[in-house]
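The sequence shown lines up with residues 241 to 411 when you count with my numbering. No residue lacks a Cβ here, since even glycine has one placed at the ideal position from N, Cα and C. This one's a predicted model, so the numbers in the text were calculated from it and none came from an experiment. Read the structure below first, then the notes.
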Amino acid sequence: MDGKNWRTYNYRQSLNFAIFGTFFVAPSLYGWVKLSSQMWPSMNLKSGITKAIVEQFSYGPLAGTSFFFGMSLLEQKTTKEAVQEVRDKFPDTYKVGVCVWPIIQTINFTLIAEHNRVPFVSICSLLWTTFLAYMKQRPEHSSEDDVVADGVTTGSPKTKEIEVQRKLAAL
Numbered sequence: 241m242d243g244k245n246w247r248t249y250n251y252r253q254s255l256n257f258a259i260f261g262t263f264f265v266a267p268s269l270y271g272w273v274k275l276s277s278q279m280w281p282s283m284n285l286k287s288g289i290t291k292a293i294v295e296q297f298s299y300g301p302l303a304g305t306s307f308f309f310g311m312s313l314l315e316q317k318t319t320k321e322a323v324q325e326v327r328d329k330f331p332d333t334y335k336v337g338v339c340v341w342p343i344i345q346t347i348n349f350t351l352i353a354e355h356n357r358v359p360f361v362s363i364c365s366l367l368w369t370t371f372l373a374y375m376k377q378r379p380e381h382s383s384e385d386d387v388v389a390d391g392v393t394t395g396s397p398k399t400k401e402i403e404v405q406r407k408l409a410a411l
């Protein structure tokens with residue numbers, strides 16, 4: 241709870257996650273698992289890898305962009321702000337997802353019996369939601385804020401070196 245107690249806990253944020261998970265993630269994930277099982281009914285490694293790759297390029301981007309956009313709207317942000325959050329946070333989230341979800345889904349579609357696939361992926365999604373919550377709470381930054389004097393990007397080793405030199409010069 242990151243330094244929070246029951247009085248300062250953000251119940252609205254928890255409610256937003258519950259609403260999004262219940263009304264978007266659960267039905268869309270269920271639909272995807274059922275559809276992919278019908279499209280590729282075999283339960284072998286080739287079929288599992290095919291489903292995982294197709295998911296990564298179809299359901300993955302839809303789910304990721306919908307998460308940031310939908311959660312922003314639930315936070316009562318404007319459509320423009322929601323689109324900006326997708327632009328700021330989706331690419332990094334997707335890069336991590338590409339490393340995680342193909343492995344999970346290959347296991348799911350290759351080793352897990354069909355009647356257990358939705359529960360298996362739901363447990364994995366619950367863990368993934370922890371990462372999404374982290375990404376959602378990451379501070380947004382515009383490209384204008386990323387550049388400091390001398391055209392160096394903030395957070396880079398060169399930026400830290402410049403900051404140290406300026407502090408030393410001030411002494």
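Where do the N-terminal and C-terminal ends of the alpha helix (DSSP H) with G261 fall, by residue?
If you number the sequence shown from 1, residue 261 lands on position 21. Where G261 is concerned, there is no enclosing alpha helix (DSSP H), given that its DSSP letter is neither H nor E.
Report back the beta-carbon spacing between F330 and F308 to the nearest angstrom; my notes put them in contact at under 8 Å.
As a first step, residue 330 is located in the sequence shown; it is residue number 90 there, counting from the start. As a first step, residue 308 is located in the sequence shown; it is residue number 68 there, counting from the start. About 6 Å separates the two Cβ atoms, so the contact holds.
Output the distance between the C-alpha atoms of S362 and Y249, rounded to the nearest integer angstrom.
The residue you call residue 362 lines up with position 122 of the sequence shown. The residue you call residue 249 lines up with position 9 of the sequence shown. Cα to Cα, S362 sits roughly 25 Å from Y249.
Taking just the CA atoms, how far does G337 sit from T369?
Residue numbering aside, residue 369 sits at position 129 when the sequence shown is read from its first letter. Residue numbering aside, residue 337 sits at position 97 when the sequence shown is read from its first letter. Using only the alpha carbons, I get a separation of about 11 Å.
Between which two residues does the alpha helix (DSSP H) harbouring T299 extend?
As a working note, residue 299 is residue 59 in the sequence shown. Reading off the sequence shown, one finds Tyr at residue 299, where the question assumed Thr. That run of the alpha helix (DSSP H) goes Y299 to L314.
Nearest-angstrom Cα distance between A266 and N256?
Here residue 266 is taken as the residue at index 26 of the sequence shown, counted from 1. Here residue 256 is taken as the residue at index 16 of the sequence shown, counted from 1. If you take the alpha carbons of A266 and N256, they lie about 14 Å apart.
Determine the burial state of S312: buried for a count of at least 16 other Cβ atoms within 10 Å of its Cβ, exposed for fewer.
Counting from 1 along the sequence shown, the entry for residue 312 is found at position 72. Label assigned to S312: buried.
I need the straight-line Cα distance from L351 to T318, nearest angstrom please.
Stepping through the sequence shown from its first residue, residue 351 is reached at position 111. Stepping through the sequence shown from its first residue, residue 318 is reached at position 78. When rounded, the distance between both Cα atoms is 43 Å.
By DSSP, does M283 sit in helix, in strand, or in coil?
Position 43 of the sequence shown, counted from the start, is the residue given in the question as residue 283. Note: M283 maps to coil in three-state DSSP.
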